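Asks:
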């Protein structure tokens with residue numbers, strides 16, 4: 086996994102900014118979406134994202150360098166590879182689902198994709214996740230959250246003036 090020091094990024098030291106350096110470009114997130122959907126070969130990813138092939142190649146390489154995807158050979162002659170999410174890539178599931186839910190609610194009249202949940206011992210049903218605090222078990226609401234700044238020289242308002 087590639088890591089960047091907070092000082093290497095412009096502006097406020099922030100994990101969101103660091104994450105966006107890796108997955109903050111449209112074709113990167115759409116490639117991750119396709120991998121979640123089970124499409125692992127370049128041609129399918131290109132077709133289903135609509136990404137220009139050269140740009141998709143660059144995004145997949147960057148995702149591989151960042152440890153989000155890995156290439157696996159499926160043919161020796163000619164050499165061909167599939168792309169698979171790593172643990173870091175699979176951890177993007179809440180982000181992709183949040184974008185899907187937000188787009189369904191605010192942008193499209195009818196959801197083009199639905200998510201189903203069918204764990205062992207549970208009847209198959211529509212997936213409706215909640216953001217829940219692991220400590221208290223309550224649903225996380227924006228109004229209940231407060232910001233703690235841990236970066237030296239920064240406050241919620243911005244950099245401390247010397």
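Numbering (this note's numbering), first residue to last: 86 to 247.
Even for Gly, the Cβ is constructed at its ideal location relative to N, Cα and C.
Predicted model, so just to flag it, every value in this text is computed and none were measured.
Below 8 Å, can you find three or more Cβ-Cβ pairs linking the region 100-118 to the region 140-156?
Replies: Segments in contact, yes.
Asks: Measuring CA to CA, which of 168, 163, 242, 151 is closest to residue 157?
Replies: Here residue 157 corresponds to residue number 72 of the chain shown, with the count starting at 1. Out of 168, 163, 242, 151, 168 has the C-alpha closest to the C-alpha of residue 157.
Asks: Is the region 174-182 touching the region 128-143 in the sense that three or more CB pairs, one from each, lie closer than 8 Å?
Replies: Flag = no, the region 128-143 and the region 174-182 do not touch.
Asks: Check whether the Cβ atoms of residue 184 and residue 120 sit closer than 9 Å, and answer yes or no.
Replies: Position 99 of the chain shown holds residue 184. Position 35 of the chain shown holds residue 120. Contact: no.
Asks: Around the Cβ of residue 211, are there at least 16 other Cβ atoms within 10 angstroms (buried) or fewer (exposed)?
Replies: Taking the chain shown and counting its residues from 1, one reaches residue 211 at position 126. The residue is exposed, with fewer than 16 neighbouring Cβ atoms inside 10 Å.
Asks: Report the residue ranges of all alpha helix (DSSP H) runs contained in full by the region 120-185; include only those spanning at least 4 residues, in chain order.
Replies: Runs of the alpha helix (DSSP H) inside the region 120-185: 127-134, 138-150, 172-175.
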